[in-house]
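In what follows, a single structure is set out as structure tokens and then discussed.
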Amino acid sequence: GLIEVDFAFALIDGGLTDATFSSATALEFVNLGGNAFNASVPAIFGSLQELQFLYISDCFISGDLSYMQGMPKIFEHWIDVNVGLTGPIPEFLGSLSTLASLSVTASSLTGTLPASLGQLA
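The following block contains the structure:
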């Protein structure tokens, strides 16, 4: 099956839904950066068992980081320049043992850094 998708800066303005990715169970690399989705990140990304790299920077994303819960192989996730990304940094991030790089620059996340982040060292 399909393991890599790169639609960066393709002027896409829709389709960021659970239905779009529900059958793409072999995806390892997804780059959707630089598009105008005006949506939250679908929860389906948390159940893609092979996903290691997810880039959704500068996409007019709203919502929070809850979609990351359960990502078993995520290694690198960049969701920079999405001021609609809100809420606290979730405690469960510390349980994502494969996570090596997370970038949320220029977002609207609030609160404190959870102590669980120290588990990733």
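First residue of the sequence shown: 93, per this note's numbering; consecutive thereafter.
Glycine included, each C-beta is placed from N, C-alpha and C at the ideal position.
Please read these numbers as outputs of a predicted model, since none were measured by experiment.
Annotated three-state conformation of SER199 is strand, per DSSP. Taken in chain order, the complete beta strand (DSSP E) segments of 3 or more residues contained in the segment 139-213 are 145-147, 153-155, 168-170, 174-180, 193-195 and 199-202. With a 10 Å radius around the Cβ and a threshold of 16 neighbouring Cβ atoms, ASP110 comes out exposed.
When C-alpha distances from SER193 are compared across PHE129, GLU183, VAL175 and ILE166, the shortest belongs to ILE166. In this structure, LEU188 is the residue among SER200, LEU188 and LEU201 with its C-alpha nearest to the C-alpha of ALA213. SER154 is the residue among THR117, SER154 and THR190 whose C-alpha sits nearest the C-alpha of LEU201.
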